[in-house]
Each structure stands twice: as structure tokens, then as C-alpha cells.
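Trainee: First the structure, then my questions, so here it is.
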Amino acid sequence: RICDLLRQAGCLDVVVFGGGIIPGPERPALHAAGVAAIFGPGTPMAHIHTFISTAEQRRASDLTSVGVGSGWVWNVPKVGEDDG
């Protein structure tokens, strides 16, 4: 619902992400609604930082936000994977 409200308010340059215990079957609906990333418990801060940096670069190029409808979704590395 937050993504819809942002679009209705004209906040089309906002990148939405979240975290917590969100079951796998519920994630596609959140992504379809405009949530770009979902970080589970134990996600290293480095992964979140990389996402924010990447999202900001893409947003600056008008490639992602709740208003663009690009369908871009961050592939969150699994806990324990290198940031590379």
C-alpha cells in the first residue's frame, strides 16, 4: 500500500525497500507492488549499503523508483556470501 500512496502523492522518485521476516511466497507480490528489495534478518550492513548505492545510481539515471515501473528488483545476496 505504501508504494501506491507514494505514486498517488506524486513521489515517483522514491525507491522503497524493507526488511524483516517475510516469507518467500509473499515477496513476489511486494516486488510487483514496487518494493525494490527485502532484507532478511542477519543481512550484513555491507549488502544494504551496496543496495542503497546501486539504487541511488539507478534512480539518478531514472532507471528505478516506484513511479518508473521498471520492474527492477535487487537480488539480495544470501547471508554469508561475499559482497564481491
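Residue numbers (my numbering): 261 to 344.
Note that the Cβ used here is the ideal one computed from N, Cα and C, for glycine as well.
Mind checking whether L266 and V274 have CB atoms under 8 Å apart?
Mentor: yes
Trainee: Which residue comes first and which comes last in the alpha helix (DSSP H) that contains A269?
Mentor: Element bounds for A269: n/a, residue is neither H nor E.
Trainee: Counting C-beta neighbours from all protein chains within 10 Å, is the total for I298 16 or more, i.e. buried, or is it exposed?
Mentor: The residue in question, I298, is buried, as its Cβ has 16 or more Cβ neighbours within 10 Å.
Trainee: Could you pull the start and end residues of the beta strand (DSSP E) that I298 belongs to?
Mentor: Element bounds for I298: V295 to F299.
Trainee: Could you check if G346 is buried or exposed, using at least 16 other CB atoms within 10 Å of its CB as the buried criterion?
Mentor: Given a span of 261 to 344 for the chain in the structure shown, any question on residue 346 remains unanswerable.
Trainee: When the distance is taken between beta carbons, is V333 closer than 8 Å to H307?
Mentor: no
Trainee: Going straight from the alpha carbon of R287 to that of V295, what length do you get?
Mentor: 9 Å
Trainee: If you run the structure through DSSP and keep just helix, strand and coil, what is G284?
Mentor: helix
Trainee: With distances taken from CA atoms, which of A269, I281 and C271 is nearest P301?
Mentor: Cα-wise, what sits closest to P301 is I281.
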